[in-house]
Amino acid sequence: MATTRKKIATLQLQNSKPVVPGNNKRLHEKSPQKAVKRTRPAFGDITNKELAKQISQKNAVKKIVGTKSGKNVIVVPKPKTKPSSSLTDSQQSNQSDETSYEVIELSQESESSQISSSCSQESSVSSAVDTLNAKNDEKSVTPVERQDWVDIDAKNTKDIYQVAQYAAEIFEYYKSRESKFMIPDYLKSKQPDLTTHMRAILVDWLVEVQENFELNHETLYLGVKLVDHYLSRKTVGRDRLQLIGATALFIACKFDERCPPVIDDFLYICDDAYVRNELIRMEIDMLHVVGFDIGFPLSYRFLRRYAKCASANVVTLTLGRYLLESSLLDYSYVGERDSRLAAACLLMALRLSHTGEWNATLEHYTGYRALELVDLAKKVNHILAAAPNKHLNTIRTKYSHQIFHEVAKTKALTPDELTEFVGNFA
Numbered sequence: 096m097a098t099t100r101k102k103i104a105t106l107q108l109q110n111s112k113p114v115v116p117g118n119n120k121r122l123h124e125k126s127p128q129k130a131v132k133r134t135r136p137a138f139g140d141i142t143n144k145e146l147a148k149q150i151s152q153k154n155a156v157k158k159i160v161g162t163k164s165g166k167n168v169i170v171v172p173k174p175k176t177k178p179s180s181s182l183t184d185s186q187q188s189n190q191s192d193e194t195s196y197e198v199i200e201l202s203q204e205s206e207s208s209q210i211s212s213s214c215s216q217e218s219s220v221s222s223a224v225d226t227l228n229a230k231n232d233e234k235s236v237t238p239v240e241r242q243d244w245v246d247i248d249a250k251n252t253k254d255i256y257q258v259a260q261y262a263a264e265i266f267e268y269y270k271s272r273e274s275k276f277m278i279p280d281y282l283k284s285k286q287p288d289l290t291t292h293m294r295a296i297l298v299d300w301l302v303e304v305q306e307n308f309e310l311n312h313e314t315l316y317l318g319v320k321l322v323d324h325y326l327s328r329k330t331v332g333r334d335r336l337q338l339i340g341a342t343a344l345f346i347a348c349k350f351d352e353r354c355p356p357v358i359d360d361f362l363y364i365c366d367d368a369y370v371r372n373e374l375i376r377m378e379i380d381m382l383h384v385v386g387f388d389i390g391f392p393l394s395y396r397f398l399r400r401y402a403k404c405a406s407a408n409v410v411t412l413t414l415g416r417y418l419l420e421s422s423l424l425d426y427s428y429v430g431e432r433d434s435r436l437a438a439a440c441l442l443m444a445l446r447l448s449h450t451g452e453w454n455a456t457l458e459h460y461t462g463y464r465a466l467e468l469v470d471l472a473k474k475v476n477h478i479l480a481a482a483p484n485k486h487l488n489t490i491r492t493k494y495s496h497q498i499f500h501e502v503a504k505t506k507a508l509t510p511d512e513l514t515e516f517v518g519n520f521a
């Protein structure tokens, strides 16, 4: 091992040469012919310097020069050739500084084509500018139409939770889907074993379940809508009516609630009249019957939107909600459009609370004039005038509470007041 180290040290001493002070340049720089050649990169020279040279050559402007003979020629820079390895550094530097040019003689046809292409480019640019100027002139000349209604979403454009930019389109979309989900008079044609009173008892029970589970109001409206759509398409017996209602509300909870109740809770509220598999089979059947499309336009959503358009206070909105929720019990409202029913309930709530009128903003966002809603509003007034029913008292009791401003105690319009109300829109 020691002998090997001595041999390596001897070889290093033999190969080493003395360094001359003040002359520390590499030896191969003085003799370029003996210089060690650099390994060519695999992809060529891709340094920034080389790229800049290539770009400058590509972007070199062709010079058109006139000769003594009267002919025009184009002067184009020639591409540089790689210097020979046998040249010295000084010769290579001189070659790199000199730029050679190639002279191309233009014929009459090519010269005219050059001129025509440049003219066409100028004309296309000028025509585009003229078009833009004309459009700007039209915008400045066009008079601004007078807008009688107020943009209720303008103040919420920066609130991402209000989606103000899309709110109007969303409710227009809801209205466009109403015709698809119109419910026919199914009790006469499809359900011989059911009556309007049975349906009312079921809806009253669903309202009680919604209160006990503290569900959203949208969930209640969706559940009732699912019941009506299912009954309008499939004949059932009265012994299955409560199971249909519980299943409809169970599906609505999955659709609208953040934390829906579990299936055992719905079996419990049915007093264990049904088993788990029965409810699951009914859920599958109901979704198949309605075609898995349960994004119904709901009157409750329309009411909240229209109340915002009217700048209605909380009491007026709650009164409208009471009228609308009470209409769920009455089978005669099943065939009404949800948007029209919501607008009629709001119109009557505004009149009963004396907090506003049907203005241009409401007409714009609802799509209904007050005259188109008067007949339905008169019908809604009878909800307040009707005598309480002890078997269908859940909604009235609910809205008689102070939390709901006791709006259920509001007195209905008298016949004279109703006549005056209708006469205002005649």
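Numbering-wise (our numbering), the sequence shown opens with residue 96 and increments by one. Yeah, the Cβ is synthetic: ideal placement off N, Cα and C, and Gly gets one too.
Query	Result
Spatial distance of Ala-465 from Lys-473 (CA atoms)	12 Å
As assigned by DSSP and simplified to three states, the class of Ile-265	helix
The alpha helix (DSSP H) enclosing Asp-243, as first and last residue numbers	Element bounds for Asp-243: n/a, residue is neither H nor E.
Pairwise C-alpha distance: Arg-353 and Val-429	28 Å
Unbroken alpha helix (DSSP H) run spanning Gly-318, endpoints	312-326
Assumed close pair Ala-341, Ile-364 - CB separation to whole angstroms, cut-off 8 Å	7 Å
Start and end residues, alpha helix (DSSP H) containing Thr-290	Neither: Thr-290 is in no alpha helix (DSSP H) and is coded neither H nor E.
Cα-Cα separation between Leu-487 and Trp-244, rounded to whole angstroms	41 Å
Separation of Ala-405 from His-459, as counted between CA atoms	11 Å
Rounded Cβ spacing between Ala-439 and Val-475 (contact assumed at less than 8 Å)	6 Å
Reduced DSSP secondary structure (H/G/I, E/B, other) of Lys-443	Per the sequence shown, residue 443 should be read as Met rather than Lys. Note: Met-443 maps to helix in three-state DSSP.
Beta-carbon contacts of Leu-374 that lie in its chain and below 8 Å, excluding the five residues immediately before and after	Leu-338, Ala-341, Thr-342, Phe-345, Ile-358, Phe-361 and Leu-362
Meets three-Cβ-pair contact criterion under 8 Å: the segment 315-326 and the segment 388-401	yes
Buried or exposed by the 16-neighbour rule on C-beta atoms within 10 Å, applied to Pro-279	exposed
Residue nearest to Ala-507 in terms of C-alpha spacing, selected from Lys-493, His-500 and His-477	His-477
Beta-carbon proximity check, Ala-431 vs Ile-490, cutoff 8 Å	Checking the displayed sequence, the identity of residue 431 turns out to be Glu instead of Ala. Contact flag unset, no.
Exposed unless 16 or more other CB atoms sit within 10 angstroms - verdict on Ile-389	buried
Contact belief for Arg-333 with Met-293 at Cβ below 8 Å, rounded distance in angstroms	6 Å
Leu-326 versus Thr-514: straight-line alpha-carbon distance, rounded	38 Å
Environment of Pro-355 [buried if 16+ CB atoms lie within 10 Å]	buried
Counted within 10 angstroms of its Cβ, other Cβ atoms place Met-277 as buried (16 or more) or exposed	exposed
Reduced DSSP secondary structure (H/G/I, E/B, other) of His-486	coil
C-beta contact flag for Ala-451 and Ala-521 at 8 Å	A small correction: the amino acid at residue 451 is Gly; Ala does not occupy that position in the sequence shown. No.
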